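In terms of full-length UniProt numbering, the sequence shown opens at residue 1 and continues consecutively.
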Amino acid sequence: MDAQEKTFCKPVRFELRIRKRDNPSVIGIALWLKKIFGDQPIPKYEVNPRTTDILYHLSECNKTRDRDVSLVIEDLKQKARDYESEAKYLQDLLMESVSLSFTSLSSIGSSYLNALVDSALVLETKDTSLASFIPAVNSLAADLFRTKARNEEMEVELNKLGKNLTATLILEKCLREDLKKAELHLSVEKARVDSRISNIDFLKAKSDDLRLRIKAAEEQLSARGMDDSLSHQSLMALSERCKTMETLYLLSDSMEMLRLAELKQQTAPLKKKLESYLDLMPVFITVS
């Protein structure tokens, strides 16, 4: 930042001093701020190109808005003058045709006339004629019919949503119960698994302890000169051989039983034939 910008960025109190060498935008900002604040002091701000551009833009927007508001006000004033002239024309017409004025109406007539005017304002008609009221009432009736139809559709949709909500709540309740049962079953299974793990750890520790004791005992017996044939491995091998011999013995007995059964089958016909001879009468032979 150069020296000139540094001087512009110093906080100063803005004063309305229009000089010939000032920028036209600065002059416009000064006049606009004076108009906005009036007799009140203008707040302090940093005078630099950025703040000048922002204030100039705000002043232009404010002037444009003021012009638009002025146009709207003038338009409303013109409409008010037109309505007043039309109202005076209608009053004069009533006075000339039927000698009737608003001040000569009774209280009931005034209330009816006020109700008619209020209805025209509510229905947003251009006047109080029947030709203006009928389309407005028809439009209002159509809006009412569409609103009723929309309300019926929304009621049907609401009933459908209510049924879906009930089914969803029932499903949520069932899911909560199933989840509770699953959590209970999981806790039971977890306790069972923890118990099994504890037992396995205990048995593993016991097995390691027994293995160490067996190894220590074997080393102690080996140091005392024990025969290797009496070691645990040798005894296990001997047990296996004994089981094998027992199995062979059982197999030999089974073979003998099979042979015996075969011999019985072979001698069965001879036994039947012998029984038939035994049923015969004995014959005695006399020797002289």
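For each residue, glycine too, the CB sits at the ideal point set by N, CA and C.
Computed from a predicted model, the values in this text were never measured in an experiment.
Check, Outcome
"E124 (DSSP reduced to helix, strand or coil)", "coil"
"Backbone CA spacing between K271 and A237 [nearest angstrom]", "50 angstroms"
"Rounded separation between Y83 and N151 - CA only", "40 angstroms"
"Own chain, CB closer than 6 angstroms to F8, minus 5 neighbours either side, in chain order", "Low confidence applies to F8: its pLDDT is 37, below 50, so where it sits in the model is not reliable enough to give any reading."
"Option in E218, A87 and W32 with minimal Cα separation from S234", "E218"
"Residues bridged to E219 (per DSSP)", "In the DSSP output, where bridge partners are listed per residue, E219 has none listed."
"Cutoff 6 angstroms; reference Q265; Cβ partners in own chain excluding five residues on either side", "none"
"Spatial distance of E240 from S254 (CA atoms)", "21 angstroms"
"Between the CA atoms of S85 and D39 - distance to the nearest angstrom", "41 angstroms"
"Integer-rounded CB distance, given that T147 should sit under 8 angstroms from A136", "Incorrect: roughly 16 angstroms between the Cβ atoms, too far for contact."
"Coarse secondary structure for S119, derived from DSSP in three states", "helix"
"Reduced DSSP category for Q78 - H, G, I as helix; E, B as strand; rest coil", "helix"
"Burial state of A167 (16 or more Cβ within 10 Å)", "exposed"
"V122 versus A142: straight-line alpha-carbon distance, rounded", "16 angstroms"
"Residue environment, S59, which counts as buried when at least 16 other CB atoms sit within 10 Å", "buried"
"Pairwise C-alpha distance: L158 and Q78", "51 angstroms"
"Sequence-distant residues of its chain with Cβ nearer than 8 angstroms to D127 (five each side left out)", "A120"
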